[in-house]
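Trainee: Numbering (the numbering used here), first residue to last: -9 to 257.
Virtual Cβ for every residue (Gly too), placed ideally from N, Cα, C.
Structure in structure tokens, see below.
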Ligand code: 13P
């Protein structure tokens, strides 16, 4: 926990990488390395659908949480190629990434579908990592704040305050994803603060917004994570490329541990 009693979360989004055998190898290496460690952050691994079961059994009875990268919002039906929240729950998955920019940009997801998926995650008690973030064009047109706050408001449309307990928001500027161009830590923190203020204004409840973990994602590496995690409103990281390699991901987890340990020593 940090000063505001928010959990520190280090989540790996494996995207379309790792066969089952590779998923077993990576998740077992991570599981063994963190076993018995003190001050662990919440560690979440998000393999592709086909490797979820392999990762789940490799991490059984460990602290590691397994998440999906997407889901359909309906429970069942004639939706060829889709995977439902019911099915994820049935496997034992506990987290789900919703509205990743690659889903929005490449697979036509919209603020409306993100809202439906978030409500489905709530219904099935899956912790949702809802992704928001601006494109380079939007940033260069000074639209960052408007775009991000609109994405947050739309995701939370018609959701009760009491339901926000299982919400994690990830700020992932699209231009920083997979490009090696990390967002400056103080700017990332400014946008994370704006996200928090947006939630506070929507519900007229500042303390509610103080309880929501907000992650930064976009070219997070062992060399830049400490600066990000030192910020007041960044509670963890959503990591792509660097989560595919055990050594790099474990270095990120170590940075999360330092943040947890520091907060514990302050309280
Ligand atoms: P990279 O860490 O590869 O930039 O990806 C970030 C991301 O999209 C995590 O969801």
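Helix, strand or coil: how does DSSP classify residue 59 here?
Mentor: Note: residue 59 maps to coil in three-state DSSP.
Trainee: Measuring CB to CB, does residue 204 end up less than 9 angstroms from residue 172?
Mentor: Not a contact, by the Cβ cut-off of 9 angstroms.
Trainee: Just checking my contact of residue 1 with residue 36 at CB under 8 angstroms: how many whole Å lie between their CB atoms?
Mentor: Yes, residue 1 and residue 36 are in contact; Cβ-Cβ is about 6 angstroms, under 8 angstroms.
Trainee: Can you say whether residue 95 is buried or exposed, counting buried as having 16 or more other CB atoms within 10 angstroms of its CB?
Mentor: Classification for residue 95: exposed.
Trainee: Report the rounded CA-to-CA distance for residue 83 versus residue 59, giving the unit in angstroms.
Mentor: Straight-line Cα distance between these residues: approximately 11 angstroms.
Trainee: Let me check one thing: in DSSP terms, what residues is residue 167 bridge-paired to?
Mentor: In the DSSP output, where bridge partners are listed per residue, residue 167 has none listed.
Trainee: CB of residue 160 to nearest heavy atom of the ligand 13P: below 8 angstroms?
Mentor: Because some heavy atom of the ligand 13P lies under 8 angstroms away, the Cβ of residue 160 counts as near it: yes.
Trainee: At the level of alpha carbons, what is the spacing between residue 156 and residue 150?
Mentor: Computed Cα separation, rounded: 12 angstroms.
Trainee: Given that a residue counts as buried once 16 or more other Cβ atoms are within 10 Å of its Cβ, and exposed if not, what is residue 139?
Mentor: It counts as buried.
Trainee: What do you reckon, is the C-beta of residue 229 under 8 angstroms from a heavy atom of the ligand 13P?
Mentor: At least one heavy atom of the ligand 13P is nearer than 8 angstroms to the Cβ of residue 229, so yes.
Trainee: In three-state terms, what does DSSP make of residue 34?
Mentor: In this structure, residue 34 counts as strand in the three-state DSSP scheme.
Trainee: If residue 163 sits next to residue 123, beta carbons under 8 angstroms apart, how far is it from one beta carbon to the other, in whole angstroms?
Mentor: Correct: roughly 5 angstroms between the Cβ atoms.
Trainee: So what does DSSP say about residue 1, is it helix, strand or coil?
Mentor: Strand, per DSSP.
Trainee: Hey, quick one: how far does the beta strand (DSSP E) through residue 138 stretch, first residue to last?
Mentor: Per DSSP, residue 138 belongs to no beta strand (DSSP E); it is in the alpha helix (DSSP H), 134 to 145.
Trainee: Contact defined as beta carbons within less than 8 angstroms: I believe residue 229 pairs with residue 242. What is the distance between those atoms, to the nearest angstrom?
Mentor: Their Cβ separation, rounded to whole angstroms, is 6 angstroms, which keeps residue 229 and residue 242 in contact under 8 angstroms.
Trainee: Out of 33, 166, 109, 91, which has the shortest C-alpha to C-alpha gap to residue 76?
Mentor: Residue 76 has its Cα closest to that of 109, out of 33, 166, 109, 91.
Trainee: With a cut-off of 9 angstroms, does the C-beta of residue 57 fall near any C-beta of chain D?
Mentor: The structure shown contains no chain D; it is built from a single protein chain.
Trainee: Taking only three categories from DSSP, how would you classify residue 123?
Mentor: Looking at residue 123 - three-state DSSP - the assignment turns out to be coil, as it is neither helix nor strand.
Trainee: Return yes when the C-beta of residue 12 is under 8 angstroms from any heavy atom of the ligand 13P, and no when it is not.
Mentor: No, since every heavy atom of the ligand 13P falls outside the 8 angstroms radius drawn around the Cβ of residue 12.
Trainee: Does the beta-carbon of residue 190, which I'm using as the reference point, lie nearer than 8 angstroms to any heavy atom of the ligand 13P?
Mentor: No, since every heavy atom of the ligand 13P falls outside the 8 angstroms radius drawn around the Cβ of residue 190.
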